[in-house]
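There are 4 protein chains.
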Amino acid sequence: MEERKIVAEVSVVPLGTGSASVSEYVAACIDAVSRRKNISYRLNPMGTVLEGPLEEIMEAVKEMHEVPFSKGAMRVVTTLKIDDRRDKPLTMQGKLDRVKKIKPDVKI
Amino acid sequence: MEERKIVAEVSVVPLGTGSASVSEYVAACIDAVSRRKNISYRLNPMGTVLEGPLEEIMEAVKEMHEVPFSKGAMRVVTTLKIDDRRDKPLTMQGKLDRVKKIKPDVKI
Amino acid sequence: MEERKIVAEVSVVPLGTGSASVSEYVAACIDAVSRRKNISYRLNPMGTVLEGPLEEIMEAVKEMHEVPFSKGAMRVVTTLKIDDRRDKPLTMQGKLDRVKKIKPDVKI
Amino acid sequence: MEERKIVAEVSVVPLGTGSASVSEYVAACIDAVSRRKNISYRLNPMGTVLEGPLEEIMEAVKEMHEVPFSKGAMRVVTTLKIDDRRDKPLTMQGKLDRVKKIKPDVKI
Chain D
6 MEERKIVAEV SVVPLGTGSA SVSEYVAACI DAVSRRKNIS YRLNPMGTVL EGPLEEIMEA
66 VKEMHEVPFS KGAMRVVTTL KIDDRRDKPL TMQGKLDRVK KIKPDVKI
Chain G
6 MEERKIVAEV SVVPLGTGSA SVSEYVAACI DAVSRRKNIS YRLNPMGTVL EGPLEEIMEA
66 VKEMHEVPFS KGAMRVVTTL KIDDRRDKPL TMQGKLDRVK KIKPDVKI
Chain V
6 MEERKIVAEV SVVPLGTGSA SVSEYVAACI DAVSRRKNIS YRLNPMGTVL EGPLEEIMEA
66 VKEMHEVPFS KGAMRVVTTL KIDDRRDKPL TMQGKLDRVK KIKPDVKI
Chain H
6 MEERKIVAEV SVVPLGTGSA SVSEYVAACI DAVSRRKNIS YRLNPMGTVL EGPLEEIMEA
66 VKEMHEVPFS KGAMRVVTTL KIDDRRDKPL TMQGKLDRVK KIKPDVKI
């Protein structure tokens, strides 16, 4: 039996690093999550969208949250938004498809 | 002279609609923002990323926030995250490119 | 006639300042919003809750977003969540009171 | 030895309930978190601020996220923001105190 999946978005931001750039931290966070077999992800310009079982998503978020500390950051602000629907299966692609069905020219 | 641009993500959610589906509202919000000449957008499974001048992004968000009310919703929760960098130009594509340069196999 | 009010929460975070502390920026943002006659605010440990007309809240957020730049920051991430209910009046105190009615020992 | 603490804010919102009111769900979520000995909380009009060890905060958020489902909701959107500082102790009160020191008349 396949486990129920949720869709979530996570953003991990280090504070006080001395540089306005965060791409190095983002790449390392993606590195961590991409090693998980049960989680799919897609990077967008404002965060990373995740799809997988709730329990493992929470584990992945804790792991991503540690990444900037392991690279020397003193303070990290991590934001997570969970979308969990239990009346029908929820996937990243399914959510996009439902909007596309109504508005076929939507830019994705 | 080209105006300074910001990158933002917006999510507009109606509460108490009687249905767990929100795709109809998302499509109508996209419809509103896609008519603006100075704003680029990309839909992702958790929100809509916008690129354009701060002032016009704020106008677009106010317009998107009204959409569910115009369709009968009684309560709307709108979330906006603004990323504004002034030491170098900031674009949706540029943010992705900087991560891709470090991690070429990142899924976008 | 009194204008319809919304309740919102805003958080303004400077990146790359070289210090993990943000209290100086928070105090200056509060300073800006506290000068507005039509907006009430309350600071909590994770953000500032605002109450007032939607249009003026948006103006205040733009003003708060500028504060860290005026103090030398190169990049600012501002998060805004708007709660707008139109079937009945919405206030900061009213929202708390409705929870307190159900759970009288709630800590506020 | 005392465990390191983080400060976080959580918001749990059910979709498609047929009612624009959420106070009943908020009260039940507070009920869940208030039973945890290692977590302090404060409700504000836009969310609940938590203080405690990261691991247990994550457990509490998972528990709060289940509350609306147990009351019949079909879809729940949960938002979590974690503030984790490791160069000095971080507490709800300490964060407020640092702002108050700079701006003594701040409304809390």
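Chains as they are written, first to last, in our numbering: chain D, 6 to 113; chain G, 6 to 113; chain V, 6 to 113; chain H, 6 to 113. Built from N, CA and C at the ideal position, the CB exists for glycine as well.
Chain G partners of R103 of chain D, CB-CB under 7 Å?
Those are S28, listed as they occur along chain G.
Compare the C-beta of R47 of chain V against all C-beta atoms of chain D and say whether one is closer than 9 Å.
Output row for R47 of chain V: interface = no.
My assumption, with CB atoms under 8 Å, is that L48 of chain D sits in contact with L101 of chain G. Please give the rounded CB distance.
With a contact defined as Cβ atoms closer than 8 Å, L48 of chain D and L101 of chain G qualify at about 7 Å.
Reduced DSSP secondary structure (H/G/I, E/B, other) of V17 of chain D
Strand.
Let me know the secondary structure DSSP gives R47 of chain G once reduced to three states.
DSSP places R47 of chain G in strand when its eight states are reduced to three.
Hey, could you find the ends of the beta strand (DSSP E) G52 of chain H is sitting in?
Segment 52-57, the beta strand (DSSP E) holding G52 of chain H.
State buried or exposed for P94 of chain H, treating a residue as buried only when at least 16 other CB atoms are found within 10 Å of its CB.
With fewer than 16 other CB atoms across the displayed protein chains lying within 10 angstroms of its CB, P94 of chain H is exposed.
Consider the Cβ of G77 of chain V: report whether some Cβ of chain H lies at a distance smaller than 9 Å.
By the rule that beta-carbons nearer than 9 Å mark a contact, G77 of chain V does not touch chain H.
What are the boundary residues of the alpha helix (DSSP H) that includes L101 of chain V?
It spans 97-107 - the alpha helix (DSSP H) in which L101 of chain V sits, taken as one unbroken run.
At a Cβ threshold of 9 Å, is V66 of chain V touching chain C?
In the displayed structure, chain C is absent; the protein chains listed are D, G, V and H.
Taking a contact to mean a Cβ-Cβ separation below 9 Å, would you say S16 of chain H touches M63 of chain H in this structure?
Not closer than 9 Å, so no.
Option nearest V38 of chain D by Cα separation, candidates D:V27, D:K76, D:G57, D:S26
The candidate whose alpha carbon is nearest that of V38 of chain D is D:G57.
Ordered along the chain, which non-local residues of its own chain (more than five positions away) have a Cβ less than 7 Å from that of E71 of chain G?
Excluding sequence positions up to five before and after E71 of chain G, its CB lies less than 7 Å from no other CB in the same chain.
For M63 of chain G and chain V, any beta-carbon pair shorter than 9 Å?
The beta carbon of M63 of chain G falls within 9 Å of a beta carbon belonging to chain V, placing the residue at that interface.
Using a Cβ-Cβ cut-off of 6 Å (strictly less than) and excluding sequence neighbours within five positions of R80 of chain G, which residues of its own chain qualify?
Excluding residues within five positions, the ones whose Cβ falls inside 6 Å are L20, G21.
Could you name the residues of chain G that K112 of chain D contacts, counting a contact when the two beta carbons are closer than 7 Å?
Contacts between K112 of chain D and chain G, judged by CB atoms closer than 7 Å, involve Y46, R47, L48 in chain order.
Measure the Cβ-Cβ separation of A33 of chain V and K76 of chain V and say whether it is below 9 Å.
For A33 of chain V and K76 of chain V, yes; Cβs fall inside 9 Å.
What's the gap between the Cα of A65 of chain V and the Cα of I87 of chain G?
Rounded to the nearest angstrom, the two C-alpha atoms are 14 Å apart.
Are the Cβ atoms of Y46 of chain V and K106 of chain H separated by less than 9 Å?
Going by C-beta atoms, Y46 of chain V is not nearer than 9 Å to K106 of chain H.
Is E8 of chain H near L55 of chain H, with beta carbons less than 9 Å apart?
Cβ atoms of E8 of chain H and L55 of chain H: not closer than 9 Å.
What does a CB cutoff of less than 8 Å around A78 of chain H pick up in its chain, not counting 5 residues either side in sequence?
The residues are P19, L20, G21, T22, Y30.
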